[in-house]
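A short write-up of the structure that comes next.
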Amino acid sequence: MATLVQERPKEESKPGEKLVTRTRSICPECYQVLPAEVLEINGKIYIKKTCPKHGEFDELYFGDAEIYYRFARWLKDGKGTGNPDVETARSVCPYNCGLCSSHLSHTGLANLVITNRCDLHCWYCFFYAEKAGYIYEPTLDQIREMALNLRAERPVPGNSIQITGGEPTLRDDLPEIIRILKEVGVDHIQLNTNGIRLSRDFEYFKKIKEAGVSNLYMSFDGVTPRTNPKNHWEVPGVLENARKLGVGIVLVPTVIKSVNDHELGDIIRFGFKNIDVVRAVNFQPVSLTGRMPKKEREKYRITIPDCIIRIEEQTNGEIPRDAWFPVPACTPLTNFIEALTRTPKYELSIHFACGAGTYVFKSGDRMIPITEFVDVEGLINYLRDKAEEIEMGRSRVWVGIKVLANISKFIRKEKEPEGMNLSRMLFDIIVRHDYKSVGEWHRKSLFLGMMHFMDPYNHDEERLRRCDIHYLTPDMRIVPFCSFNVVPAWYRDRIQAVYGVSIEEWERRTGRRLSDDFYKRKLPTGQASVPTASTKTAGFGGVKNVPVIQGGFGKVENHGSGCGCSH
């Protein structure tokens, strides 16, 4: 674990500032790499850097210092990649990603962009064809090669892909793309979508399911039409069709301060109302990827602990802040399984400030976090110690027996949700390497996640080096998310322009106009609400008739949603 709080000369210190750590960042104006400091100021964490040309920038990094320090205890370097595409000698982070030999995490989830076309015009989007001026749609052969490149990664071959865009369902050959990914050995295929086509075209949805899609990663910015104008009316249809087909859904709210951060608790309740089909809610604080005045950033900036605290408040304390753990807190479990099996496993070794999560169960009208019946931290630390024992030469069998004998000590059976047997599930995983019971766990619980992607203002090289959400590109690079999107000219726009075609050329080849894709919602004339059975089942009630997409938040350019696509 890295040392966090550091000393600096008194002449460099300002009243009320405490140096937490040093890192490197970029200038939001010219993108020059700069030394940066992470500081505690008035109970919050900020990142500060000074550009010789553009001056000083300080930005909110983590909205609660107490949560920051608690999460920081889980900082850990990961495996990296044993076969980098870019050697460190040719790489100055973040100018030559690919992955490079100084990257500290293997690919956990690979984004595969299959189109930059979209049927919506979201005001915070940084990724759509009309703005780019070209159409990017890799061929089936290119898609196969990109997937094979992921599968060739070592020591852990990548086997989880998110198909994204744009809006991927605009491609009619999406089922064939999914089949190709399955053919090359990708186990988990997640579809990032706004759900509009899937709500209206059951047969197309069925083809996607039959091709092998694992789940949907669906935009869902709120429970009201004001907070979620893009697909509020279509969500019930997606849920209904997903139920019929047995496809799980992850709801993905892009959280923007003063826009929809007051609905986080209701979004979770909505997930529980549809827990038969909703597997998770993954909150994504907005990434401010364009140029934006500081006053505007302060109005809309929200961080992971800010969301956690709002959830605590909006659930009346049922999901408290201490129920959340940073993503790398799960690495000791991975390391223990590796020690038992002597096989490299997926290790989610991202930076502690990048993401967080918890599991929540429902008991009557109450929501119960996993921390209410499991000593999560105690169990994790125990498994870490046992992994170290095996690595030091202790018998794997003997250690495994000890773990099974002691694991129940970390579980408060009297508080365990009805029908849940965590001890049995862990036995199946540890002894039998049988993960079927994990599926049962997911059916009875709602996973709550947070993932905050960076932008030029809060960019931190230490976070970037540990990123495990990557992009596959046709030039056979594997690029970290926050390199790909933070400065589009470096990777995303440059690569996609090379492999794309002009809009005019695409329209000539297809005989269609790009504007033909744009979704035009049809509601009965004069109808002020849509009180259908589907909306009631989904947990909505009546809804007002508003445009598909509302206006933005000021004269600023190109804001990211958090997911790297248009959702």
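Numbering (the numbering used here), first residue to last: 330 to 896.
Positions of the beta carbon are idealized from the N, C-alpha and C atoms, including for glycine.
Using DSSP with H/G/I as helix, E/B as strand and the rest coil, what is residue i?
i, result
"N570", "helix"
"M721", "coil"
"G870", "At G870, the pLDDT of 46 sits below 50, so the modelled position is not reliable and the matter cannot be decided from this model."
"L348", "strand"
"F702", "coil"
"Q856", "Residue confidence is low: Q856 scores 45 on pLDDT, short of 50, so the model does not pin down where it sits. Its coordinate-derived value is still stated next. DSSP places Q856 in coil when its eight states are reduced to three."
"V606", "coil"
"K343", "coil"
"H432", "coil"
"H799", "strand"
"P786", "Residue identity differs from the one stated: residue 786 is Tyr in this sequence, not Pro. Residue state, collapsed to three classes: coil."
"N425", "coil"
"P504", "helix"
"A818", "coil"
"N440", "strand"
"F391", "strand"
"F776", "strand"
"V588", "coil"
"F612", "strand"
"G384", "strand"
"V827", "helix"
"T864", "Its pLDDT being 41, under 50, T864 is placed unreliably in this model, and the value from its coordinates should be taken loosely. Looking at T864 - three-state DSSP - the assignment turns out to be helix."
"V415", "strand"
Considering only C-alpha positions, which residue in the set the options is nearest to residue i?
i, options, result
"V421", "E833, L793, Y800", "L793"
"A658", "K715, L775, V705", "V705"
"I585", "V610, W562, L777, T556", "T556"
"I472", "I492, M780, A685", "I492"
"D550", "E539, M696, S543, G524", "G524"
"E385", "E366, I370, F400", "E366"
"R508", "G437, G541, E667", "G541"
"I640", "L777, H561, R823, E466", "L777"
"K460", "N445, D470, Y711", "N445"
"F810", "E747, T618, P622, V728", "T618"
"N787", "R620, K602, Y463, G829", "R620"
"K559", "S543, N544, V581, R572", "V581"
"L368", "P554, Y360, D387, H781", "D387"
"A685", "A652, I666, G707", "A652"
"L438", "V767, N735, I518", "I518"
"L634", "F681, I740, W835", "Strictly speaking, residue 634 in this sequence is Pro, with Leu absent from that position. Minimum Cα distance to P634 is reached at F681."
"G768", "M783, M779, N750", "N750"
"S434", "S678, R838, P504, L499", "S678"
"R753", "E395, N570, L733", "L733"
"T849", "W562, F654, T468, E745", "Thr is not the amino acid found at residue 849; the sequence shown has Lys there. Nearest C-alpha to K849: W562."
"H383", "G462, L428, G495, P357", "P357"
"L662", "P565, C359, I758", "I758"
Please look up how many angstroms separate the CB atoms of residue i and residue j, rounded, as I've assumed it's under 8 Å.
i, j, result
"L775", "V607", "7 Å"
"K373", "G392", "6 Å"
"L755", "L479", "L755 to L479, Cβ: 30 Å. No contact."
"V552", "F612", "That belief does not hold up - the Cβ atoms of V552 and F612 are roughly 14 Å apart, past 8 Å."
"P423", "E790", "7 Å"
"K538", "V579", "That pair is no contact at about 16 Å."
"E482", "T436", "6 Å"
"K536", "P504", "4 Å"
"F901", "V703", "With the chain represented from 330 up to 896, any question about residue 901 goes unanswered, as that position is not in the structure."
With respect to the alpha helix (DSSP H) encompassing residue i, which residues constitute its N-terminal and C-terminal limits?
i, result
"A394", "394-401"
"L793", "790-794"
"A458", "458-461"
"E833", "832-839"
What residue range does the beta strand (DSSP E) around residue i cover?
i, result
"P809", "807-809"
"I376", "373-380"
"V581", "577-581"
"V367", "362-370"
Let me check you understand the geometry: is the CB of residue i closer than 7 Å to at least one non-hydrogen atom of the ligand NAD?
i, result
"S616", "Absent from the structure shown: the ligand NAD. Ligands present: none."
Any beta carbon of chain D sitting closer than 8 Å to that of residue i?
i, result
"F665", "In the structure shown, chain D cannot be found, because there is only a single protein chain."
**Request:** Could you pull out every unbroken alpha helix (DSSP H) segment of at least 4 residues lying fully inside the segment 516-568, listed in chain order?
**Result:** 525-529, 531-540
**Asked** Counting only runs that start and end within the segment 464-493, where is the beta strand (DSSP E) found for 3 or more residues in a row?
**Response** As far as the segment 464-493 is concerned, its whole beta strand (DSSP E) runs of at least 3 residues are 489-493.
**Request:** May I have a chain-ordered list of the alpha helix (DSSP H) segments no shorter than 4 residues that lie completely inside the segment 615-697?
**Result:** Within the segment 615-697, the complete alpha helix (DSSP H) runs of at least 4 residues are 623-629, 633-643, 660-670.
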